[in-house]
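543 is the number of the first residue of the sequence shown in my numbering; add one for each residue after it. Idealized CB from N, CA, C, for every residue including glycine.
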Amino acid sequence: MGIVILIVMAAGVAAILTKKLPTAFALVLLGVVIAFVSGAPVTGKNSVFDTVLQEGAPALAATMIAILLGSWLGKLLDETGIAGTLVRKIVEFGGDRPTVVALGVLLVSTLVGTVTGSAPAAMLAGIIGIPAMIAVGIPKVTAAGTILMGIAAGMPFELPVWQFFSSALDLPVSEVRDFMVKLFPFALFAAVMFVLVESRRRGVEHTWAFRTEAPRTNAPRTKTPRTKGGRRRARLGDAPWYALLTPVLPLVLALGFELAIIPSLLAGVLYALVTTTRPREMNRRLLRTLYGGFEVAAAPITLFVAIGILLAAVKLPGAVDALEPLVTAVSPQNPVLFVVVFTALVPLCLYRGPLNVYGLGAGIAGVLIAAGIYPAAAVLGITASYNQVFGVADPTSTQTVWSAQYAGVGPQQVMTRTLPYVWFAALGGFCVTAATAL
């Protein structure tokens, strides 16, 4: 039976890779088929309908809400001009120094990456950041990679990701937070080294004139400014300096004050609104950005519904009993071997591969925990480390595709250039996991 389940999983991966089925649909189908193959009844306890579909679909509800709030906050960062202002200030500070400009855009990307992920994060930092970097001589591939490496550096502190790992792996948020704090230095080091090495190794290329940002038509109306700085801020749609603290606020509340994730994100939403919007415009802006957040969050929420169904299926007693001997036989227990094997398997999280945590990798993680092969903390280390790779180097991920296309290069070129650096970040995560969780 275990061999049959593995064949079913392989067929699911093939359907995703060949785009025969959307990822979410394939995962739901996988969950139902695995449940039937493992001998689950149609209804009742540990059944297809009641356990896999009914209980599995909302299993990651807290993550879905966190994703929605992160998307809402991302919309506010865009509409209020906070994200654009951050990038412009960095570009002005860097002047005509390419490396300084790239490091500054990397910093903004990291801040944005703590709020929201995927293509919205890339757009927030990249719409201004990519043309600015190319204008001062940063090569196009390096410019796109800088945005992605920055988002990946912020990913260990992305609160919706904390909630996802907490719900999917049944771990307290505090334990997820502690591991992410340890993973962050590796992600940041890899990002900084990418900028320093690639910008210098490739030299200066002047191939794209900088496009001046047009004034924002949806920026909040303000009184006619009397100062030179005020006139400039109104012209460019700059947000006030105190509003620029918005991306940091949820992180400070969740990390520094250990406030729950959803209240922390809500605090960021309210702070962005209050610091940039007149009282009589707040209602309209709240609703407009919330509806925009729903549009952004629809795709990942659908995916998390499917992941919940798959997790419920692989945790069924029949599936665990069938897969346990097979997975145990190929899972290293020695810490050194653990690091070597999982580092070598990094490419399997690319192209929506079987170790992609937002695909079949979630099901494999569920099997590793349900069968008792690794403690949940070790599975967290595995999945979070692979996530650092997928979020940057996978040519099928939305943020990679958008960044590459906006810079005028191919996603595969970005993958080739960034993969060694994110591979190192994953190696660091595996070393931390082996030292603390095995």
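Label residue i either buried or exposed according to how many other C-beta atoms from any shown protein chain fall within 10 Å of its C-beta, with 16 as the threshold for buried.
i, result
"residue 638", "exposed"
"residue 859", "exposed"
"residue 957", "buried"
"residue 926", "buried"
"residue 784", "exposed"
"residue 740", "buried"
"residue 930", "buried"
How is residue i classed by DSSP in three states: helix, strand or coil?
i, result
"residue 930", "helix"
"residue 682", "helix"
"residue 893", "coil"
"residue 554", "helix"
"residue 772", "In this prediction, residue 772 scores a pLDDT of 44, lower than 50, which makes its location untrustworthy; the coordinate-derived value is nonetheless stated afterwards. Helix."
"residue 562", "coil"
"residue 941", "helix"
"residue 724", "helix"
"residue 951", "coil"
"residue 784", "helix"
"residue 543", "coil"
"residue 958", "helix"
"residue 973", "helix"
"residue 903", "helix"
"residue 863", "helix"
"residue 984", "Lying before the first or after the last residue shown, residue 984 is absent from the chain, which here runs from 543 to 980."
Please name the residue, chosen from the options, that lies closest to residue i on a Cα-to-Cα basis.
i, options, result
"residue 976", "792, 811, 899, 724", "724"
"residue 951", "584, 850, 780, 672", "672"
"residue 874", "883, 867, 866, 820", "883"
"residue 640", "678, 921, 949", "678"
"residue 844", "565, 925, 577", "565"
"residue 596", "742, 798, 852", "852"
"residue 603", "861, 902, 720, 804", "804"
"residue 828", "609, 551, 622, 876", "622"
"residue 907", "881, 944, 889, 865", "865"
"residue 918", "807, 978, 942", "978"
"residue 971", "590, 916, 634, 881", "881"
Could you check whether the Cβ of residue i sits closer than 9 angstroms to any Cβ belonging to chain B?
i, result
"residue 889", "In the structure shown, chain B does not exist; there is a single protein chain."
Item checked: alpha helix (DSSP H) segments (min. 4 residues) lying fully within the segment 794 to 846 -> 803 to 818
Margin query: Quick test of the definition: if touching needs 3 or more C-beta pairs under 8 angstroms, does the segment 676 to 688 touch the segment 956 to 973?
Written below: yes
Next item on the list: Pick out the complete beta strand (DSSP E) segments inside the segment 568 to 649, 3 residues or longer, and give them in chain order.
Entry: none
Notebook entry, point to check: Touch check for the segment 691 to 706 and the segment 923 to 935: three-plus C-beta pairs under 8 angstroms?
Noted result: yes
Margin query: Does the contact criterion of 3 or more C-beta pairs under 8 angstroms hold for the segment 731 to 738 versus the segment 648 to 661?
Written below: yes
Item checked: Given 8 angstroms, three or more beta-carbon pairs between the segment 713 to 723 and the segment 913 to 927 -> yes
Check: Touch check for the segment 603 to 619 and the segment 796 to 811: three-plus C-beta pairs under 8 angstroms?
Finding: yes
Check: If you pair each beta-carbon of the segment 650 to 659 with each one of the segment 785 to 802, do three or more pairs fall below 8 angstroms?
Finding: yes
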